[in-house]
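Numbering (mature numbering (1 follows the signal peptide of the UniProt record, and there is no 0)), first residue to last: -20 to -1, 1 to 646. Ideal placement from N, C-alpha and C gives every residue a C-beta, glycine not left out.
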C-alpha cells in the first residue's frame, strides 16, 4: 500500500498551522490578562478579541471581556459576554451581580431581577456584606420599578449638540458667562476606555436665551486654561468658589495604578493677571483612594466631594469639609447612611434652595446612576428620585441649576452624540414638545419603625439566653427608651424608633461580658417610592452575642496594626482599642492581660522586645482613656505562641502578628 506523500505533507502543514494558531491565541490571551491587571481595559479587549479565535476557555475569556467593558463604563457592551460566561459555567461569584447591573443599564429590568435573585440565593458565605446588601436593596428596587417609572416631571431635555462629540462631555458648571465642562479632547489616549484623556474646556453662553429658554452656547469650545492643562493625566469636574477666583478640580488616572485610585483633589487660584495658578494637591485628599466631583456650598464655606476612602458605607461616598476664614480645610466627614449606600454616590451639587442634588446607583433608581435630591427637616433626611425624564436606564449625573427652572446635566442615554453628553433642561411645558403629565402618588403615607432582637451565648451551637437585661438608649439624650429582661427564648422587643436617630443597645447577664451594640436609623428609612400602603410597619431585628466571662479566656483584637518595626498607636489601631476601652468600662470588675505577638521574621530577642513595647503602648493608650492601670497587665510574647507555626504567606504571618486580651479576674 503506497502512502501519498503530498497528503501527509498537507496534513502536517495543517497541524502545524493549527498549533501555531493555538499558541497565538494563548499569547494574545496572556497579553490581555496583563493589560487587564494593569487597568488598561481597552488594550485588553484588543488582545481578547484575538484570543477568541483560538480554543481559550470560554468561561474565563468571556468574563474577562465583560469585566473589561464594565470597568471602562461600557455596561451595555458587557451584556452578551456576561451571558456567554454564565452559559459556560463561569466560577466567578460576582458574574451574575455585574450582569444584572449591565442588564439594568439597558432597561431590561425583569432579566436583571432574575440574575440578582440567583446571585443572592447562591452567594457564598465569604461574600462581602456591602455587596450583598446592595444586591438585596436592588432586588427591592427592581420589584418596584413600575412605581419608580411612573414618577415623571414636566421637564424638557435638549442635547447640547454644539458641545457634544463622539467622545465624552460632562460635569457642566457655570462661571460668569461661560459654561466650563469636562471633555475627552487631549491627544493622549486613556488606556482604560480608549478615549482621549479628559481636560477642562469652556464655551460662551447666550446672554439672551432662545424662544424655548435654552441657554445654547455660542462659538467653538476652547481650552479653559493652559496652566491647568496637563496632557498625560485626566482632569475635570471643576468647582468654583462664590467669587469665581478659586477652583477645586480632580486630577489623576495617569495609568500607573489600576482602577483610577490615583485621583486626588487639586486647588488653583485666579491671579491678578487673570491667569489660573498651577494646581496644587489638597491635603484632604487620600492618596490610597479615588477623590473627585467636588462642589462648593452656596456660601462657599463647605466643600462637598466623593471618595471611596476606607471607612465609608461601601463604594464611593459623599463627604464634606468646612473651610475657615484663612482657607484651611477641616477633616472630611462622611455624610452618613441616609445619603450614602453600599453603592456609589457622586457628583454633589447644592442648589440655592439648600437642597443637595447628587447621583447614585444605590438608592432606588431607573438605571446605573440616577439623580436624587436630599432635603433635611426635623433631623430627618429625605432622598427622592428626580424621576423621568431627568433619569433614564443609563447614567444620569452632574446636575446643576442656572436658575430655579433651568439647568444642565450629563447622561450617556440612548440618542446622544457620543459617550457622555451634556443636556440642557427646563422645567415646565416646552413650545414644540409633547407635554409629559406629572404623575405622583396622592395621599399621606404613615410608616412606623420598631426594634426587636435576641440575646444569645457566643458559642457553637448558639444558645438563647433568658434573664439577660437589655437597655435601649437614645444616643442624643443618653436616656433609655426601653428596659427589659429576656424571656425563655432570649428575645426582646418590639420598641418604637424615630427616623434619623442613633441608639445604643446594652445587654448584660451574670457570668457574661456586658456588650453594647450601636444601632442607627440613618439610611434605614424606607424610600417614599416604596410606601404604597396607607400604613407600613417595619421591625428591625438585632442579634446580640454575649461572651462567657471565663478566667484565662483569650480574645483576639482584630485590625490592630503597627508600622514596620514600630510600636506607636496608629489611628486605625486606636479605633479598635477604643472598643476594648468600652468593654472595660461596661465591665468594671474585669482585669485583663493585654498581649502582643509577632511573626518569626526577625531574631527572637528583637521580637520579644518589640512585642513588649507594643503591648505597653496599647495599655498606655487605654489608660489615657480613663481606665485604671491596675486593671491591665502588658505582656509581650514575641514569636513564642504562633498560631500558624509554618507560616509562609503574608496572610498566615498576619494571623501570628496579633493583639489579644485574656481575662485574669472578674
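Suppose the cutoff is 7 Å on Cβ atoms and the five residues either side in sequence are ignored; what does the same chain contact list for residue i look like?
i, result
"residue 408", "134, 385"
"residue 428", "476, 517"
"residue 414", "Residue confidence for residue 414 is low, a pLDDT of 27 falling below 50, so the modelled location carries little weight and cannot support an answer."
"residue 596", "614"
"residue 469", "444"
"residue 331", "337, 381"
"residue 287", "266, 269, 270, 271, 296, 297, 299"
"residue 529", "491, 492, 493, 643, 646"
Output the distance between the C-alpha atoms of residue i and residue j, rounded to the nearest integer angstrom.
i, j, result
"residue 616", "residue 594", "8 Å"
"residue 27", "residue 173", "14 Å"
"residue 721", "residue 168", "Because the chain here runs from -20 to 646, residue 721 falls outside it and cannot be looked at."
"residue 293", "residue 322", "5 Å"
"residue 291", "residue 200", "44 Å"
"residue 573", "residue 503", "39 Å"
"residue 456", "residue 481", "8 Å"
"residue 139", "residue 16", "34 Å"
"residue 130", "residue 367", "8 Å"
"residue 51", "residue 74", "13 Å"
"residue 34", "residue 171", "25 Å"
"residue 439", "residue 569", "23 Å"
"residue 519", "residue 473", "9 Å"
"residue 239", "residue 605", "Caution is warranted here: a pLDDT of 48 is assigned to residue 239, below 50, making its placement in the model unreliable, and the coordinate value is therefore given only provisionally. Those two C-alpha atoms are separated by around 39 Å."
"residue 230", "residue 161", "12 Å"
"residue 303", "residue 571", "45 Å"
"residue 592", "residue 629", "25 Å"
"residue 119", "residue 371", "19 Å"
"residue 202", "residue 45", "36 Å"
"residue 416", "residue 425", "With a pLDDT of 27 at residue 416, under the threshold of 50, the predicted position of this residue should be treated as unreliable, and no value is reported."
"residue 63", "residue 78", "11 Å"
Which same chain residues end up closer than 6 Å to residue i when comparing Cβ atoms and leaving out the 5 residues on each side of it in sequence?
i, result
"residue 390", "150, 377, 378, 400, 402"
"residue 505", "479"
"residue 339", "326, 327, 349, 351, 377"
"residue 247", "228, 260, 262"
"residue 177", "166, 168, 170, 214"
Can you name, in chain order, every residue of its own chain whose Cβ lies under 8 Å from the Cβ of residue i, other than the five neighbours on each side?
i, result
"residue 158", "182, 183, 184, 185"
"residue 98", "76"
"residue -18", "In this prediction, residue -18 scores a pLDDT of 48, lower than 50, which makes its location untrustworthy; no coordinate-derived value is stated."
"residue 489", "435, 445, 447, 448, 449, 526"
"residue 31", "5, 6, 8, 9, 12, 41"
"residue 602", "557, 560, 561, 564, 574, 612"
Return the first residue and the last residue of the beta strand (DSSP E) that residue i is part of.
i, result
"residue 617", "612 to 618"
"residue 575", "571 to 577"
"residue 170", "Neither: residue 170 is in no beta strand (DSSP E) and is coded neither H nor E."
"residue 274", "271 to 276"
"residue 264", "Here residue 264 belongs to no beta strand (DSSP E), and DSSP marks it neither H nor E."
"residue 485", "482 to 488"
"residue 185", "176 to 185"
"residue 79", "Run containing residue 79: none in the beta strand (DSSP E); it sits in the alpha helix (DSSP H), 75 to 85."
"residue 287", "282 to 287"
"residue 445", "Looking at the DSSP string, residue 445 is not in any beta strand (DSSP E), and its letter there is neither H nor E."
"residue 462", "460 to 465"
"residue 502", "From DSSP, residue 502 is part of no beta strand (DSSP E); its letter is neither H nor E."
"residue 328", "325 to 330"
"residue 492", "No beta strand (DSSP E) holds residue 492; DSSP gives it neither H nor E."
By the DSSP assignment, the alpha helix (DSSP H) with residue i in it spans what residues?
i, result
"residue 55", "55 to 67"
"residue 204", "Looking at the DSSP string, residue 204 is not in any alpha helix (DSSP H), and its letter there is neither H nor E."
"residue 600", "584 to 604"
"residue 28", "21 to 31"
"residue 624", "No alpha helix (DSSP H) holds residue 624; DSSP gives it neither H nor E."
- [ ] Please confirm if the segment 78 to 86 is in contact with the segment 54 to 65, defined as three or more CB-CB distances below 8 Å between the two stretches.
- [x] Touching, per the Cβ criterion.
TODO: Report yes or no: do the segment 440 to 450 and the segment 528 to 537 share at least 3 C-beta pairs separated by less than 8 Å?
DONE: Per the Cβ contact rule, the segment 440 to 450 is not in contact with the segment 528 to 537 (fewer than 3 Cβ pairs under 8 Å).
Task: Minimum length 3: unbroken beta strand (DSSP E) runs contained in the segment 210 to 261 - done: For the segment 210 to 261, whole beta strand (DSSP E) runs of length 3 or above, ordered along the chain, are 214 to 220, 226 to 232, 244 to 249.
Open item on the list: Please give the ranges of any beta strand (DSSP E) in the segment 504 to 562, keeping only runs that are unbroken, at least 3 residues long and fully inside the region.
Closed with: The DSSP assignment places complete beta strand (DSSP E) segments of no fewer than 3 residues inside the segment 504 to 562 at 515 to 526, 534 to 537, in order along the chain.
Open item on the list: For the segment 261 to 281 against the segment 210 to 228, do three or more pairs of beta-carbon atoms, one drawn from each stretch, fall closer than 8 Å, so that the two count as touching?
Closed with: Output reads yes: the segment 210 to 228 touches the segment 261 to 281.
Open item on the list: Which complete beta strand (DSSP E) runs does the segment 333 to 406 hold, if anything under 3 residues is left out?
Closed with: Runs of the beta strand (DSSP E) spanning 3 or more residues and lying entirely within the segment 333 to 406 occur at 336 to 340, 350 to 357, 360 to 365, 376 to 383, 386 to 391, in chain order.
- [ ] Would you check if the segment 615 to 631 and the segment 546 to 562 touch, i.e. whether three or more CB-CB distances between them fall below 8 Å?
- [x] No contact exists between the segment 546 to 562 and the segment 615 to 631.
TODO: Count the C-beta pairs between the segment 485 to 502 and the segment 537 to 547 that are closer than 8 Å, then say yes if the count reaches three, no if not.
DONE: With a cut-off of 8 Å, the segment 537 to 547 and the segment 485 to 502 do not count as touching, because too few Cβ pairs lie within range.
- [ ] For the segment 86 to 171, list the alpha helix (DSSP H) runs that are entirely contained and at least 4 residues long, ordered along the chain.
- [x] List check, alpha helix (DSSP H) in window: 89 to 102, 109 to 123, 125 to 129.
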